[in-house]
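Take a look at the structure set out below.
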Amino acid sequence: MIERIWLHPPLAFARLGPSPTPCGNYHYGESDLSPRGTGKTTVVPAPTLDVADDGTLTERQPDPGERVRFKDVNGFRPICPFFELRGTWTSADGQRHSDEPITVDVLAEFGIDPAQVTWTVTVANLKAHQCTGSPGDRIEAAVELRGDQHLRQPLQGRSPEGVDRPLVPPGRSVPLGSVQLPRPDRGFPQLRLRFTPGTGAVYGPTNLLDRTSRYLLPEDRLFLAPDAAWCEFTLSGATDARTFPGGLFAGSTPEDGGVSLGLVDDVCDGLVAVSLGGLTARARIVVTPPDFAPDRRPFTSLADGLADRVQREEVSDPAYIAENPDLTALEVRDLFERVLEAMDAVNVDAQNDRATLENVRRARRLGLPENEARARTFGPPDPLPGVNLPLTERGRRRHRRFVALEFLEDLFRERPELLRQIIRTPVEEQRWHDRRMPVAVRGSDAYPMHLTRRQYNLLAGWVGSLRETVEEGT
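Its first residue numbered 931, the sequence shown is counted upward by one per residue in the numbering used here.
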């Protein structure tokens, strides 16, 4: 019998795109870290599954020398993730199967027809509702599919029935993407679901053009109700936590009067669920904008955030570093590789100017000297011949050395105090931008950004381990 089922992956990200052609499959290759290399992560094409209108799956192999294409004449190609059903079961012959794909043959072994497998996808765009709290501003969509239904099904976002002041009028919908069950066959017998996100379109109320000429949308996208709460929303103050940092919605600027213009997009998040013989598995789907720098990895990723929640304590144990020296060193090097990649995607000169201005504004609010606030960040850098962004260029040159593990080891072995001096400590009462890394970058709370605690504690433990083999006095 089938004992347990789950979906792989448990969390997937779809990316918006107006092109009808999904983005091909790819993976990260080796970073170009040669002495005169780009410092970029390389992106390598990989075999891709294509789904026909009737659900038929075919595999497309990349051509030799093929480059990954993120755009075509229609714009960005959407990233459309698959969810695969996996499970654990014991066959009639007593053979144990663990963490294997559930196929049509597995279903047949237990007398289950594919039509008895039920998939449910529920998504929602709650951006407006999060601000107003009005039930009418919820935009939700749900689709239920039997395992033998292989045509693409749209996700039509609507306001809940029976609510007051619905943002999406009855009879209309905001397209939030679609889902499709590929048709299993001998070549691809697995049970899968593919999610296709929206195009990245924006929708507005019927009276948008009467209120502003700053946002010109096609007439067929102007059907939202102008009397919905979202079309009247205003911030309660400069630090309203519902849209913090400020300016996150159309209408929040002074030229728009500080009142929401009622615009919404086709981004959504939600759940994918599958039921089989009394068992249910769930996964999460998140829709995001296109990635404008796919060969630049962030120094703090979602994976780092999740690891910080469930694996933070392990790196604080000295035994972890002692028992895993090679693994720890590789993780530290990977961190600094990603720091270099992030440096290549940031205009440090512009970010430093913004950080300086924020420091000055804060000093004025607190009645503190402005010159001291300015001195916390970098001053005007000395010019570099032929370089328009001297602070950015100097930072990139310096960070290139940090991806050499031997250089890092020597640096921190000789000066372990540098860790606290040059890298911002997580979760400290730090409200001023300063020269510590990450330089001039702020988090979603508008305060200076920092590494996760796990990243920082791992780095601190690794630095401490370097001193254990140093002869005293040398």
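Every residue, glycine too, gets a C-beta built ideally from N, C-alpha and C. These numbers come from a predicted model, not from an experiment.
Any heavy atom of the ligand MG inside 7 Å of the beta-carbon of residue i?
i	result
residue 954	With respect to small molecules bound, the structure shown includes none, and the ligand MG cannot be examined in it.
On the criterion of 16 or more Cβ atoms from any shown chain inside 10 Å, does residue i qualify as buried, or is it exposed?
i	result
residue 1357	exposed
residue 1038	exposed
residue 1385	buried
residue 1307	buried
residue 1351	exposed
residue 1281	buried
residue 1301	exposed
residue 1110	buried
residue 1328	exposed
residue 1370	buried
residue 1075	buried
residue 1376	exposed
residue 1096	buried
residue 1338	buried
residue 1296	exposed
residue 1113	buried
residue 1140	exposed
residue 1125	buried
residue 1317	exposed
residue 1179	buried
residue 1260	exposed
residue 1206	buried
residue 1232	exposed
What distance in whole Å lies between the Cβ atoms of residue j and residue i, which are believed to be in contact at a cut-off of 8 Å?
i	j	result
residue 1134	residue 1107	Not really, about 20 Å apart at Cβ, beyond 8 Å.
residue 1024	residue 932	Their Cβ separation, rounded to whole angstroms, is 15 Å, which puts residue 1024 and residue 932 out of contact at 8 Å.
residue 872	residue 1269	An answer regarding residue 872 cannot be provided, because it is not within the stretch 931 to 1404 covered by the chain.
residue 1050	residue 1072	7 Å
residue 1263	residue 1286	Contact doesn't hold; Cβ gap of about 32 Å is too wide.
residue 1033	residue 1120	6 Å
residue 1311	residue 1330	Contact doesn't hold; Cβ gap of about 18 Å is too wide.
residue 1320	residue 1130	The pair is not a contact, with the Cβ atoms about 36 Å apart (cut-off 8 Å).
residue 1065	residue 1044	Going by Cβ atoms, the distance from residue 1065 to residue 1044 rounds to 37 Å, so no, they are not a contact pair.
residue 985	residue 1081	7 Å
residue 1322	residue 1278	4 Å
residue 1154	residue 1098	6 Å
residue 1046	residue 1092	With a Cβ gap of about 33 Å, residue 1046 and residue 1092 do not count as contacting.
Which residues in the same chain as residue i place their Cβ atom closer than 8 Å to its Cβ, once the five residues preceding and following it in sequence are excluded?
i	result
residue 1188	1164, 1165, 1181 and 1182
residue 974	956, 957, 958, 959 and 998
residue 1216	941, 942, 943, 944 and 1199
residue 1389	1262, 1265, 1349, 1353 and 1381
residue 977	955, 989, 990, 991 and 992
residue 1480	Within the shown structure, residues of the chain are numbered from 931 to 1404, placing residue 1480 beyond reach of any answer.
residue 1225	970, 971, 972, 973 and 1271
In the DSSP assignment, what residue or residues form a beta bridge with residue i?
i	result
residue 1367	1353
residue 932	1019
residue 942	1215
residue 990	978
residue 1013	1123
residue 1348	According to DSSP, which records beta bridges pairwise, residue 1348 is partnered with nothing at all.
residue 1108	1084 and 1126
residue 995	Per DSSP, none; premise fails for residue 995.
residue 1378	1372
residue 1006	1001
residue 1030	1017
residue 958	973
residue 1048	1076 and 1205
residue 937	1015
Leaving aside the five residues before and after residue i along the sequence, list all residues of the same chain whose C-beta is less than 6 Å from its C-beta, in chain order.
i	result
residue 1013	937, 1123, 1202 and 1213
residue 1229	1268, 1269 and 1272
residue 1061	1163 and 1172
Excluding the 5 residues preceding and the 5 following residue i in the sequence, name in chain order all residues of the same chain whose CB lies nearer than 7 Å to its CB.
i	result
residue 1142	1186 and 1191
residue 1251	1258, 1391, 1392 and 1395
residue 1059	1067 and 1068
residue 1342	1348, 1349, 1393 and 1396
residue 1137	1156
residue 1227	971, 1268 and 1271
residue 951	1002 and 1007
residue 1245	1384, 1387, 1388 and 1391
residue 1028	1018
residue 1373	1379
residue 1275	1223 and 1226
residue 1147	1132, 1134 and 1138
Does any C-beta atom of chain C lie closer than 8 Å to the C-beta of residue i?
i	result
residue 1366	Considering every chain present, this structure includes no chain C. It has just one protein chain.
At 4 residues or longer, and completely inside the region 1050–1095: list those alpha helix (DSSP H) runs for me, N to C.
If you keep only unbroken alpha helix (DSSP H) runs of at least 4 residues inside the region 1050–1095, you get 1057–1062.
Beta strand (DSSP E) segments (min. 3 residues) lying fully within the region 1172–1257:
1199–1206 and 1209–1218
Considering only residues of the region 1249–1331, which uninterrupted alpha helix (DSSP H) runs meet the minimum length of 4 residues and lie entirely inside it, listed in chain order?
1255–1273, 1278–1296 and 1300–1305
Completely contained beta strand (DSSP E) runs for the region 1114–1170, where each covers 3 or more residues:
For the region 1114–1170, whole beta strand (DSSP E) runs of length 3 or above, ordered along the chain, are 1122–1126, 1132–1135 and 1152–1154.
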